[in-house]
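J.: Top line first, the protein sequences correspond to chains A and B.
Quick note on numbering: UniProt numbering labels position 18 of the first sequence as 18, and the sequence is numbered without any gaps.
Quick note on numbering: UniProt numbering labels position 21 of the second sequence as 21, and the sequence is numbered without any gaps.
All C-beta atoms in this analysis are idealised placements derived from N, C-alpha and C, irrespective of residue type, glycine included.
Note that the structure is predicted; figures quoted are calculated from it, not measured.
Protein chains: 2
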Amino acid sequence: MSSSRATLIQVAERAGVSLASTSRALHGTGASPAMVERVRAAAAELGYSPDATGRSLRMKRTFQVAFAVADIGNPVYVEMLTAIHEVLAPHGYRVVVMSTGQTVASTVDLVRSLGSGFVDGLVVSPLRTDDTLVEAIRQAPVPVVVIGRPLDGIDSVSTDSAAGIGLAVAHLLEIGRRRLGFVNGPLDTTPGAARQRGFDAATADPAFAGEHAETERADDFTVTAGLEAGRRLLARGGLDAVVAANDLLAIGVIRAAGELGLTVPGDLAVTGMDDTEIGKVFRPGLTSVSLGSAERGRLAALLVLDRVGDGAEPVQQAAVGPHLVVRESTAVASKEKSAR
Amino acid sequence: MSSSRATLIQVAERAGVSLASTSRALHGTGASPAMVERVRAAAAELGYSPDATGRSLRMKRTFQVAFAVADIGNPVYVEMLTAIHEVLAPHGYRVVVMSTGQTVASTVDLVRSLGSGFVDGLVVSPLRTDDTLVEAIRQAPVPVVVIGRPLDGIDSVSTDSAAGIGLAVAHLLEIGRRRLGFVNGPLDTTPGAARQRGFDAATADPAFAGEHAETERADDFTVTAGLEAGRRLLARGGLDAVVAANDLLAIGVIRAAGELGLTVPGDLAVTGMDDTEIGKVFRPGLTSVSLGSAERGRLAALLVLDRVGDGAEPVQQAAVGPHLVVRESTAVASKEKSAR
DNA sequence: CATCACCCCGGAAACGTTTCCAGGATGATC
DNA sequence: GATCATCCTGGAAACGTTTCCGGGGTGATG
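Structural data, given as structure tokens:
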């Protein structure tokens with residue numbers, strides 16, 4: 001209990017110098033070597049460690065950045081969190097985990113709460129977006145970086161998940177699949193809407209040439225919801241491939257296929273999206289469209305770091321391109337092993 | 001930018017009352033209804049939101065709790081984090097994510113850094129423990145709750161993972177397996193040591209009656225390390241079951257079995273530990289010993305919440321019992337489906 | 001020898017909030 | 001009608017730090 005009690009004033013008294021000199025000797029500049037030595041010694045004897053709150057109040061910086069998502073358990077967000085933490089920690093910044101909640105309103109509340117100044121910046125990946133949210137972010141008292149859809153006048157790190165779905169469809173066509181199902185999550189979410197757009201565009205393309213395509217919507221971006229949606233979709237029969245909007249949904253679909261006695265990839269090829277760890281270790285290894293979750297997190301952290309440092313640069317809009325990672329779940333020959 | 005600028009002093013001036021009354025009207029007690037109304041109105045007009053730093057400095061409370069683990073990406077820790085967040089957020093506490101690093105020394109540094117007072121409490125799950133760490137935690141200026149091995153005089157939430165391994169071994173014997181392999185992680189970690197102890201004890205038990213048992217050690221508690229250790233172990237042949245110290249290791253072992261043409265559970269039964277989401281959705285569904293990760297996180301959060309509220313209660317040592325969740329990877333008849 | 005520049009130190013203010021303390025007004029009780 | 005308790009309000013201090021500002025000392029230069 002003793003170590004936290006020592007204050008800068010006590011260090012100053014112990015060293016027999018002024019408060020100002022003590023502060024300068026420890027952190028700032030403009031102190032003579034003798035002074036530094038003297039103060040350091042006194043600080044060490046007392047086990048002094050500077051109080052973060054006092055410093056924050058004076059400097060108007062908390063050295064904290066918030067990361068907010070709807071569901072911290074989602075593997076994609078975990079990857080982002082890890083990447084953000086890895087970038088920020090070496091710069092002396094702490095990461096505060098927050099929840100946006102499921103609704104736009106709760107996300108707006110979160111952004112407004114930044115007015116309390118407990119954090120120097122925010123990285124947020126909103127599930128649903130809205131004019132009120134955009135406005136709240138614009139008015140936010142600290143820098144905000146959005147991971148997701150780029151918004152006017154707001155720093156963002158985005159990816160083209162619609163094009164990503166296109167990659168999956170093209171890959172399935174290439175390996176000879178012709179009758180595609182699409183299992184998507186809720187359409188009123190940003191990713192849900194984008195991926196639907198991607199699927200519709202890909203299947204409307206001349207290259208697709210009027211082959212069969214149908215969509216089934218899951219209640220959520222989870223394995224369970226994917227299982228249920230997969231059952232409904234596959235029960236109707238006649239498909240030779242399924243594009244899932246998500247790795248978790250894809251795994252649900254594969255389980256549904258198993259229930260119906262369909263083999264993957266033999267009877268049914270399945271693709272996921274996000275290229276999560278869980279898809280990598282799954283059997284069969286899941287072909288998935290990587291959206292660079294870790295990279296997006298990394299870029300967002302760098303952006304927010306820039307912002308909290310300087311002031312008003314132009315709006316930054318970074319993007320990470322999707323790319324396809326082929327594994328067993330869409331293998332042409334069933335004896336193929338996963339790369340790597 | 002305007003919302004953060006409004007300070008309590010400005011609200012006071014606007015309302016035409018003193019600073020003290022303003023503060024009381026907003027948060028404290030002992031203000032007349034008229035005063036409350038008046039101040040509320042002024043605060044609303046100015047879009048005032050109280051400054052967290054100023055409040056923290058005065059109240060000597062940050063309303064923040066840190067959660068520190070070696071690897072935030074590990075599903076077990078993600079479950080804990082989620083549970084902790086769910087407990088703390090409704091009480092107005094924020095969660096700061098930190099990394100203990102891999103070594104004891106870095107964990108000690110982390111605990112010492114609490115002296116800066118940026119957080120009211122800490123929940124930590126150290127991979128490796130040490131006298132210096134125990135001492136550092138005892139000296140810590142804020143309440144610390146350890147998730148892991150119970151330590152003298154320190155609040156902790158533990159589980160008996162050794163007994164958990166015993167459950168797995170008993171289960172395998174029960175379904176008729178006689179030649180067991182054990183894939184463990186590094187022995188110098190707390191969980192590694194405990195689980196080795198559990199396996200050694202279980203196979204030394206009379207009930208085991210001198211059946212075959214051998215151990216292979218993985219470099220880490222990951223799928224990749226499990227795959228490599230599984231290859232080494234299974235290459236030697238002669239086993240009909242493998243106990244893995246971890247779900248991730250178990251999945252690696254199952255992949256190794258697949259490479260060698262062994263079916264699971266037909267040729268080889270495999271058990272994991274931690275009962276993670278990834279094991280639930282894996283094919284075959286992974287039989288696993290649950291250590292109640294979410295529950296441990298929940299209890300730890302409640303403990304730290306108690307501590308930051310009051311002062312000196314007696315040391316609290318909570319425990320969560322292990323229990324076995326049987327799924328396909330140890331099914332007796334191969335046609336069995338996983339329960340829910 | 002005087003002037004100047006430079007470097008280093010100490011005093012003091014400021015960041016925004018909560019809370020202690022004392023005083024004034026009001027209502028109730030005797 | 002006087003005393004007392006009660007309730008509410010305002011002034012002021014305090015939390016721990018950084019930084020502005022002025023002054024004194026030292027060395028160098030004219």
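#1: Between the Cα of B/Glu13 and those of B/Gly54, B/Thr82, B/Ser32 and B/Glu45, spot the shortest distance and give me the residue it belongs to.
#2: What runs of the beta strand (DSSP E), each 3 residues or longer, lie entirely inside the stretch 52 to 84 of chain A?
#3: Does the structure place the stretch 34 to 43 of chain B close enough to the stretch 72 to 86 of chain B that three or more beta carbon pairs sit under 8 Å?
#4: Keeping to the same chain, check which residues put their C-beta closer than 8 Å to that of A/Arg94; ignore five residues upstream and five downstream.
#5: Pick from A/Leu122, A/Ala168 and A/His27: whose alpha carbon is nearest that of residue 355 of chain A?
#6: For A/Ala15, which three-state DSSP category applies?
#7: With 8 Å set as the bound, which would you pick, yes or no: does the beta-carbon of A/Phe221 sit closer than that to a beta-carbon of chain B?
#8: Alpha carbon to alpha carbon, what distance is there between B/Arg138 and A/Pro322?
#9: Tell me whether A/Thr190 sits in a helix, a strand or coil according to DSSP, three-state version.
#10: Pick out whichever of B/Pro33, B/Asp160, B/Ala42 and B/Gly30 has its Cα sitting closest to the Cα of B/Ile9.
#11: With a threshold of 16 other CB atoms inside 10 Å of the CB of B/Glu313, please say whether the residue is buried or exposed.
#12: Does B/Thr62 have its Cβ less than 8 Å from a Cβ in chain A?
#13: What are the uninterrupted segments assigned as beta strand (DSSP E) that are 3 or more residues long and contained completely in the stretch 75 to 140 of chain A, given in chain order?
#14: Whether or not the stretch 252 to 261 of chain B and the stretch 219 to 239 of chain B are in contact is what I'm after, with contact meaning three or more pairs of Cβ atoms, one per stretch, closer than 8 Å; do they touch?
#15: On the three-state DSSP scale, how would you describe B/Leu175?
#16: Enumerate in chain order the residues of its own chain whose CB-to-CB distance from B/Gly28 is below 6 Å, with the five nearest sequence positions on each side excluded.
#17: Within 8 Å of any Cβ in chain A, is that where the Cβ of B/Met272 sits?
#18: Can you say whether B/Thr263 is buried or exposed, counting buried as having 16 or more other CB atoms within 10 angstroms of its CB?
#19: Output needed for B/Leu110: all residues of its chain with C-beta closer than 7 Å, excluding positions within five of it in sequence on either side, in chain order.
#20: Can you tell me the Cβ-Cβ gap for B/Leu286 and B/Gly279, rounded? I've got them flagged as a contact below 8 Å.
#21: Could you tell me whether the Cβ atoms of B/Leu122 and B/Val144 are closer together than 8 Å?
#22: If contacts are defined as beta-carbon pairs under 8 Å, then B/Val270 and B/Leu324 qualify, I think. What distance do you get, rounded to the angstrom?
#23: Does B/Thr22 pass the burial test, meaning 16 or more other C-beta atoms within 10 Å, or should it be called exposed?
#24: Curious, which full-length beta strand (DSSP E) runs of at least 3 residues does the stretch 276 to 331 of chain B contain?
#25: Would you list, in chain order, the members of the UniProt domain "HTH lacI-type" (6 to 59) of chain A that have their beta-carbon closer than 8 Å to a beta-carbon of chain B?
#26: Whole angstroms is fine: what's the gap from A/Glu86's alpha carbon to A/Val304's?
#27: Quick one: residues in its chain with C-beta nearer than 6 Å to the C-beta of A/Gln316, no 5 flanking neighbours on either side, listed in chain order?
#28: Note down the Cα distance separating B/Ile72 from A/Glu295, rounded to an integer number of angstroms.
#29: A/Val223 and A/Phe182: beta carbons closer than 8 Å?
#30: When you check each C-beta in the stretch 271 to 303 of chain B against every C-beta of chain A, which residues fall closer than 9 Å?
#31: Cβ-heavy atom distance between A/Arg307 and the ligand NAD below 7 Å?
#32: Would you mind stating whether B/Leu260 and B/Arg179 have Cβ atoms separated by less than 8 Å?
#33: Starting from the C-beta of B/Ala300, find all residues in its chain whose C-beta is less than 6 Å away, skip the five residues before and the five after it, and write them out in chain order.
#34: With 8 Å as the limit, tell me which residues of the stretch 71 to 91 of chain B have their beta carbon closer than that to any beta carbon of chain A; keep them in chain order.
#35: Tell me whether the beta-carbon of B/Gly117 lies closer than 8 Å to the beta-carbon of A/Asp51.
#36: I need the boundaries of the beta strand (DSSP E) containing A/Gly272, first residue and last residue.
T.: Working from what's here:
#1: B/Glu45
#2: 64 to 69
#3: no
#4: Phe63, Gln64, Val65 and Leu88
#5: Nothing about residue 355 of chain A can be reported from this structure: the residues present for chain A run from 1 to 340 only.
#6: helix
#7: With its beta carbon at least 8 Å from every one in chain B, A/Phe221 lies outside the interface.
#8: 49 Å
#9: Residue state, collapsed to three classes: helix.
#10: B/Ala42
#11: With fewer than 16 other CB atoms across the displayed protein chains lying within 10 angstroms of its CB, B/Glu313 is exposed.
#12: B/Thr62 counts as touching chain A.
#13: 94 to 99 and 121 to 124
#14: yes
#15: One point to set straight first is that residue 175 of chain B is Ile, not Leu, in the sequence displayed. Of the three classes helix, strand and coil, the one that applies to B/Ile175 here is coil, per DSSP.
#16: none
#17: Reading off the sequence, residue 272 of chain B comes out as Gly, not Met. Taking Cβ atoms only, chain A never reaches closer than 8 Å to B/Gly272, which makes this a no.
#18: Flag for B/Thr263 reads exposed.
#19: Ala68, Met98 and Thr100
#20: About 4 Å separates the CB atoms of B/Leu286 and B/Gly279; that is less than 8 Å, so the two are in contact.
#21: yes
#22: The pair is not a contact, with the Cβ atoms about 13 Å apart (cut-off 8 Å).
#23: buried
#24: 287 to 290, 317 to 320 and 323 to 325
#25: Going along the UniProt domain "HTH lacI-type" (6 to 59) of chain A in chain order, one finds Gly47, Ser49, Pro50, Asp51, Ala52, Thr53, Gly54, Ser56 and Leu57 with a Cβ nearer than 8 Å to chain B.
#26: 14 Å
#27: So the list reads Asp155 and Leu303, once near-sequence residues are dropped.
#28: 17 Å
#29: no
#30: Glu277, Ile278, Lys280, Val281, Phe282, Arg283 and Pro284
#31: The model on display carries no ligand, and the ligand NAD is accordingly not part of it.
#32: no
#33: Val123, Val145, Ile147 and Val157
#34: Contacts with chain A (Cβ-Cβ distance below 8 Å) from the stretch 71 to 91 of chain B involve Ile72, Gly73, Val78, Glu79, Leu81, Thr82, His85 and Ala89, listed in chain order.
#35: yes
#36: Ala269 to Met273
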